[in-house]
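These notes are about the structure you will find just below.
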Amino acid sequence: MIVDLIPDEDQSAIEDTIVSFLSDMLPVERLRDAASHGGAAESAVWSQLCELGLFGLGLPEEQGGLGLGLPEEVLVARALGRNLVSPGVLAQLCAPHLTSDESVRDALIAGEARAAFAIDQAYVLDGEGADWIVVFGPGGASLRARGELTLAATHGGLDHTMHFERIEGGAGNTQPALRLEVLIAAYLTGIAQAATDMAVEYAKTREQFGQPIGAFQAIKHSCADMATRASAADTQTLYAATVFGAGEDDAVEAAAARTLAKRAAFENAKANIQTHGGMGFTAECDAHLFLKRAMVMDMLGSDSRARRAALTATA
Amino acid sequence: MKIVESAQLKQFREQCRDWLADNVPKDRPDDGEAMRDFDLAWQARQFEGGWAGINWPTEYGGRGASVLEQLIWHEEYALAGGPPSGCMFVALSHAGPTLIVSGNEEQKSRYLPTILNGTENWCQGFSEPGAGSDLASLKCKGEIDGDDLVINGTKIWTTYAQHARWQELLVRTDPGETRHRGLTWIIGDMQAPGLEVRPIRTMAGLEHFAQCFYDDVRIPLKNVVGEVNQGWKTAMTTLGFERGTGTVAHQIELATRVDRVIEAVKSAPGGADEAQLEMLAVLKSEVMALRSMTAASISRGMHETVPGAEGNIVALYFGELTRRVNAAAFDLLGPHSLERAGYNYPAHFLECFKWAIGGGTSEIRRNTIGERVLGLPKGPKAV
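Quick mapping for you: the protein sequence lines, in order, are chains A and B.
Each number in this note's numbering corresponds to the 1-based position in the first sequence with 6 added.
Each number in this note's numbering corresponds to the 1-based position in the second sequence with 11 added.
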């Protein structure tokens with residue numbers, strides 16, 4: 007199959023719109039203020055976010071969507087990852103695909119009903135104010151009304167900028183959700199890219215031994231490896247999105263994207279901390295936020311055992 | 012981002028597939044004159060079939076294929092088990108394109124047809140013992156004497172020098188200049204008196220490259236391509252020719268190799284454990300990413316006229332990945348990897364080291380990515 011992986015004009019316009027909105031309204035620095043944690047910053051700009059028309063991007067027009075596809079959604083998901091936007095916004099992008107109920111779908115597309123993710127039938131992420139929960143479990147995901155679930159408070163989680171609630175007593179069946187796998191890969195890729203950019207920027211400005219540390223090959227090569235890992239994850243994710251549903255093996259394409267996006271996000275987040283030296287170990291520096299978010303986001307959807315099985319299946 | 016399909020491309024693919032199925036030769040000798048004869052004969056056959064110079068313009072006898080047609084050709088070529096271009100590689104991918112862009116009409120009409128029809132092949136003469144990664148420090152000397160350039164010095168890592176008819180030779184013609192200035196690109200005659208070629212055996216056991224020694228070798232000045240002392244410019248003009256399609260065959264071959272290792276490990280007694288499956292899953296993901304990165308390079312090639320430094324990312328990824336893939340068989344199959352179902356794992360493993368060294372080491376590529384893609388400062392300065 008021949009693919010053109012360069013975004014066309016319309017795709018670039020969608021990406022530019024979300025990127026510029028996020029850079030104005032939801033910069034990563036917002037997370038230094040606890041008042042913006044747990045999806046609060048996103049809630050504060052919710053009506054403007056809905057006006058961008060992101061949530062029906064990949065749905066057919068007869069279902070109230072814009073009739074575009076996974077490539078456009080992936081560009082949005084990657085931008086969300088770059089700015090560590092609350093996963094609830096990504097859940098909102100996914101949720102309309104998981105229901106056949108027209109009124110629920112319309113409300114989700116319009117942003118009148120809110121969605122959030124749940125990890126492994128156990129933890130809801132940034133779920134305050136959500137009406138619907140995209141619950142991941144063995145084999146995929148399902149959309150559940152928040153009111154149907156029994157939720158309990160937790161004493162926190164790995165990422166202090168997020169809000170976690172525990173689901174008591176299970177959450178029912180799931181259906182295959184390969185589309186969501188590709189979107190999670192895109193979010194993780196965004197983290198990998200943002201961590202690279204942050205490390206490169208610091209390497210250009212931080213001086214030791216009388217010159218920017220980026221002049222030293224130890225740092226320069228680490229940055230080059232970060233860019234290479236991010237590029238591999240990114241192009242595989244774009245490829246998986248572009249050929250999705252067109253006859254290639256979506257499960258294998260998605261598993262490859264997830265595998266590489268996870269590695270790129272984890273490794274680049276760690277390398278970014280290391281590049282920042284002592285500052286990188288402080289709470290004040292944003293570097294640790296990328297690692298924490300990557301670790302939580304990777305808990306969504308498939309686990310590595312399922313991906314291994316898909317990738318090593320032989321004919 | 013979209014799938015590109017058309018009836019015309021589909022028809023082109025079928026045309027490639029049919030011709031390759033009938034014509035691809037098997038059992039390429041892996042060394043010596045038999046290998047050279049095989050490579051030239053295969054080139055001649057492609058010429059007769061109208062496939063020679065797939066990316067060369069039609070006005071110079073090439074196929075003039077579009078970027079997408081080139082991609083299809085290379086895909087079908089790899090799937091049909093087509094041999095490497097081998098002794099024809101430099102002529103087709105570097106010397107020919109350089110002449111097309113920078114040569115004069117006389118040079119083009121003399122040298123291009125014999126490349127396409129497989130009667131004459133070329134080697135490269137750029138690297139020297141003291142000028143490897145730092146190519147611009149090269150010292151091999153060219154002095155103008157009458158109508159000739161008189162060459163003295165040495166070139167090394169010259170792939171298939173002992174089998175080549177002509178050489179793209181980069182020499183220092185202005186001793187007062189340093190670095191990229193004062194160099195000249197000239198068509199070297201591999202049969203000229205005073206030239207000695209000593210083959211070098213590689214760690215893989217084959218004599219695929221050589222060192223060339225020049226002792227008052229006289230080359231007519233009419234062989235200069237571009238201007239005297241402007242050789243660096245001539246050497247760089249071929250960049251615009253590269254559209255990312257040249258690596259398609261390597262990428263497909265590597266992907267096939269991963270599938271072969273997966274198959275072998277899973278069918279070994281006791282099967283594969285989770286740790287082994289994880290290693291295989293990562294390699295499988297990585298060769299898929301390499302395919303996607305190649306597709307992205309080709310996509311850029313469709314939209315841009317001259318490729319940027321991003322090509323170094325794909326080259327670095329390929330060089331490092333090919334080592335991991337070829338080493339995996341030994342980690343996963345143990346002694347079974349010495350010989351298995353007629354497949355020569357050791358030969359591939361030993362040979363693959365070249366990909367992270369030749370044409371730019373992984374370290375130089377990381378410098379280039381750091382400086383030209385990411386904008387990091389050059390350096391470091393002495394402290």
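We put the beta carbon where it would ideally sit given N, CA and C, even for glycine.
Using the Cα positions of residue i and residue j, report the straight-line distance between them to the nearest angstrom.
i        : j        : result
Val228/B : Ile197/B : 12 Å
Glu35/A  : Asn132/B : 60 Å
Ser310/A : Gly371/B : 35 Å
Glu273/A : Tyr193/A : 15 Å
Thr146/A : Tyr171/B : The question names Thr, yet the displayed sequence has Gly at residue 146/A. In a straight line, the C-alpha of Gly146/A is about 55 Å away from that of Tyr171/B.
Phe137/B : Asn240/B : 15 Å
Arg190/B : Trp168/B : 20 Å
Val161/B : Leu291/B : 55 Å
Thr347/A : Gln127/A : This structure leaves residue 347/A out entirely; chain A is present only between 7 and 321.
Arg383/B : Asp231/A : 14 Å
His43/A  : Gly71/A  : 30 Å
Arg254/B : Ala183/A : 36 Å
Glu108/A : Tyr354/B : 57 Å
Ala277/A : Met204/A : 10 Å
Glu218/B : Ala266/B : 27 Å
Trp324/B : Leu301/B : First, the residue type needs correcting, since residue 324/B is Ile and not Trp in the sequence shown. Their backbone Cα atoms lie some 10 Å apart in a straight line.
Ser348/B : Ala191/A : 34 Å
Gly345/B : Arg24/B  : 40 Å
Gln202/B : Leu51/B  : 18 Å
Ala102/B : Met247/B : 16 Å
Phe252/B : Met31/A  : 44 Å
Residue i CB to nearest chain D CB: under 8 Å?
i        : result
Gly220/A : The structure shown contains no chain D; its protein chains are A and B.
Residue i and residue j: beta carbons closer than 8 Å?
i        : j        : result
Pro102/A : Gly59/A  : no
Ser104/B : Thr241/A : no
Arg120/A : Gly135/A : yes
Leu327/B : Val206/A : no
Pro108/B : Trp53/B  : no
Ala124/A : Leu189/A : no
Ala267/A : Ala316/A : no
Trp84/B  : Cys151/B : no
Met168/A : Val302/A : yes
Ala275/A : Leu297/A : yes
Ile14/B  : Met7/A   : yes
Ile20/A  : His314/B : no
Gly72/B  : Gly60/B  : no
Leu90/A  : Arg314/A : no
Phe114/A : Gln98/A  : For the record, residue 114/A in the displayed sequence is Leu; it is not Phe. A contact, by the Cβ cut-off of 8 Å.
Ala224/A : Gly390/B : no
Ser148/B : Gly157/B : no
Val95/A  : Glu57/A  : no
Within its chain, find whatever has a CB closer than 6 Å to the CB of residue i; leave out the 5 residues flanking it on each side and keep chain order.
i        : result
Ala233/A : Thr202
Arg195/A : One point to set straight first is that residue 195/A is Thr, not Arg, in the sequence displayed. Excluding residues within five positions, the ones whose Cβ falls inside 6 Å are Arg84, Ala239, Asp240, Thr243 and Ala267.
Asp226/B : Gly205
Phe170/A : Tyr129, Thr160 and Gly163
Ala106/B : Trp133 and Glu179
Ala366/A : In the structure as shown, chain A begins at 7 and stops at 321. Residue 366/A is therefore absent and cannot be evaluated.
In chain order, what residues of the same chain lie with their CB nearer than 8 Å to the CB of residue i, ignoring the 5 residues before and after it?
i        : result
Ala55/B  : Asn128, Gly129 and Thr130
Glu321/B : Ser308, Arg311 and Val384
Who are the Cβ neighbours of residue i in its own chain at under 7 Å, not counting the five residues just before and after it?
i        : result
His282/A : Tyr208, Cys291 and Ala293
Gly199/B : Gly136, Trp177, Gln178, Leu180 and Ile230
Ala32/B  : Ala91
Ala89/B  : Val259, Ala260, Ile263 and Glu264
Gly237/B : Ser113, Trp196, Lys244 and Thr245
Ser148/A : Leu104, Val141, Gly178, Asn179, Thr180 and Gln181
Val9/A   : Tyr245, Thr248 and Val249
Phe58/B  : Leu127, Asn128 and Gly129
Ser228/A : Ala277 and Thr281
Report task. Return the residues of the region 176-189 of chain A that lie within a Cβ-Cβ distance of less than 7 Å from chain B, sorted by chain order. Result -> none
**Report entry** the region 263-277 of chain B in contact with the region 338-346 of chain B per 3-pair CB rule at 8 Å
**Finding:** yes
Query raised in the report: Counting Cβ pairs, one atom from each stretch, are 3 or more of them under 8 Å apart for the region 287-304 of chain A and the region 73-82 of chain A?
Result: no
Query raised in the report: Taking a cut of 7 Å between CB atoms, which residues from the region 44-67 of chain B lie near chain A?
Result: none
Query - Residues in the region 308-327 of chain B having any Cβ partner in chain A nearer than 7 Å - result: Ser310, Arg311, Met313, His314, Ile324 and Leu327
Query raised in the report: When you check each C-beta in the region 256-287 of chain A against every C-beta of chain B, which residues fall closer than 9 Å?
Result: Val258, Glu259, Ala261, Ala262, Ala263, Arg264, Thr265, Leu266 and Arg269
Query raised in the report: Taking Cβ-Cβ distances below 9 Å as the criterion, which residues of the region 266-278 of chain B are in contact with chain A?
Result: Asp270, Ile273, Glu274, Val276, Lys277 and Ser278
Requested in this report: Could you run through the region 23-38 of chain A and flag, in chain order, every residue whose CB is less than 9 Å away from some CB of chain B?
Outcome: none
Requested in this report: Flag this pair as touching only if the region 288-306 of chain B and the region 247-267 of chain A have three or more C-beta atom pairs under 8 Å; answer yes or no.
Outcome: yes
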